[in-house]
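Residue 6 is where the sequence shown starts when you use my numbering, and the numbers rise one by one after that.
Quick reminder that beta carbons are idealized off the backbone N, C-alpha and C, glycines included.
First comes the structure, then the notes that go with it.
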Amino acid sequence: AGVSVEQACVALEKFKNVKRRLEVRGEVAGVTVYDDFAHHPTAIELTLDGLRKKVGDARIITVLEPCSNTMRQGVHRDTLAPALARADQVIIYQSRPFDWDVKTALAAVNPTVVEQPDALMAHLMPQLQAGDHVLMMSNGSLGGAHDKILQALKDA
Numbered sequence: 006a007g008v009s010v011e012q013a014c015v016a017l018e019k020f021k022n023v024k025r026r027l028e029v030r031g032e033v034a035g036v037t038v039y040d041d042f043a044h045h046p047t048a049i050e051l052t053l054d055g056l057r058k059k060v061g062d063a064r065i066i067t068v069l070e071p072c073s074n075t076m077r078q079g080v081h082r083d084t085l086a087p088a089l090a091r092a093d094q095v096i097i098y099q100s101r102p103f104d105w106d107v108k109t110a111l112a113a114v115n116p117t118v119v120e121q122p123d124a125l126m127a128h129l130m131p132q133l134q135a136g137d138h139v140l141m142m143s144n145g146s147l148g149g150a151h152d153k154i155l156q157a158l159k160d161a
């Protein structure tokens, strides 16, 4: 492309990743919390595959908030469980009603379904341990859970 190795290295050193694409939001007590703009099973699968390659056998806990219209309507329900298969644990944050039964459709990954931010925190926090990777996937806000998790880890 006409760019020297030296120029490429300088440019790559300055590169800042795009927001919400496997973005590390923080690491506290050995637990790393990521934010990813998840809106389609293909992207979810690729993100989990990349994280799995990075962390090896470390535990990946995926919190998915399927809040796009197509996700809530169940358009992707048949491809969602295979997309989540690389996670060690799946938590579905159902912030709004769905047109499909999450537990049945995602039975292959045995998800925990929570509907309130407090329920998410109550389920997640007691089990976190050093070395865990918490992948928060949503095209919404997850009720601010990223910061709540990091703060709770600091306060523990």
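Identity of the residues DSSP links to residue i by a beta bridge
{"i": "Thr67", "result": "Val95, Leu140"}
{"i": "Gly31", "result": "Val38"}
Same chain only: Cβ atoms within 7 Å of residue i, ignoring 5 sequence neighbours per side
{"i": "Lys159", "result": "Val33"}
N-terminal and C-terminal residue of the beta strand (DSSP E) that residue i is part of
{"i": "Val114", "result": "Segment: none, Val114 is in no beta strand (DSSP E) and carries neither H nor E."}
CB contact below 8 Å: residue i versus chain C
{"i": "Ser73", "result": "No chain C is present in this structure, which holds just one protein chain."}
Cβ shell of residue i (< 6 Å), same chain only, five flanking positions each side left out
{"i": "Phe103", "result": "Arg77"}
{"i": "Pro50", "result": "With the sequence shown as reference, residue 50 is identified as Glu, and Pro is not the correct amino acid for it. Around Glu50: Ala88."}
{"i": "Ala154", "result": "What sits at residue 154 in the sequence shown is Ile, not Ala. Hits under 6 Å: Val38."}
Rounded separation between residue i and residue j - CA only
{"i": "Ala100", "j": "Leu133", "result": "Per the sequence shown, residue 100 should be read as Ser rather than Ala. Roughly 22 Å separates the two Cα atoms."}
{"i": "Arg2", "j": "Glu70", "result": "The structure shown does not extend to residue 2, since the chain spans only 6 to 161, so no value can be given for it."}
{"i": "Met141", "j": "Leu17", "result": "26 Å"}
{"i": "Gln12", "j": "Leu129", "result": "44 Å"}
{"i": "Asp54", "j": "Arg91", "result": "7 Å"}
{"i": "Asp106", "j": "Cys14", "result": "49 Å"}
{"i": "Phe20", "j": "Ala157", "result": "31 Å"}
{"i": "Val60", "j": "Gly79", "result": "31 Å"}
{"i": "Leu125", "j": "Val119", "result": "6 Å"}
Residue i: CB within 7 Å of a non-hydrogen atom of the ligand FMN
{"i": "Glu32", "result": "Judged by which ligands are present, the structure shown has none, so any question about the ligand FMN falls away."}
Contact belief for residue i with residue j at Cβ below 8 Å, rounded distance in angstroms
{"i": "His44", "j": "Asn115", "result": "The Cβ separation is near 23 Å, so there is no contact."}
{"i": "Val68", "j": "Ala135", "result": "Not a contact, Cβ separation roughly 19 Å."}
{"i": "Ile66", "j": "Ile97", "result": "Not quite, the Cβ-Cβ distance comes to about 12 Å (not below 8 Å), so this is no contact."}
{"i": "Phe42", "j": "Arg57", "result": "19 Å between Cβ atoms; not a contact."}
Chain-order list of residues whose beta-carbon lies under 8 Å from that of residue i (same chain, five-residue window excluded)
{"i": "Thr37", "result": "Val29, Gly31, Asp137, His138, Val139"}
Endpoints, the alpha helix (DSSP H) within which residue i is located
{"i": "Gln156", "result": "150 to 160"}
{"i": "Val80", "result": "Note, Val80: premise wrong, no alpha helix (DSSP H); not H, not E."}
{"i": "Gly7", "result": "Taken as a continuous stretch (DSSP letters only), Gly7 belongs to no alpha helix (DSSP H), as it is neither H nor E."}
{"i": "Leu53", "result": "46 to 60"}
{"i": "Leu147", "result": "It is not in any alpha helix (DSSP H) - Leu147 carries neither H nor E in the DSSP assignment."}
{"i": "Ala110", "result": "107 to 110"}
{"i": "Leu129", "result": "122 to 129"}
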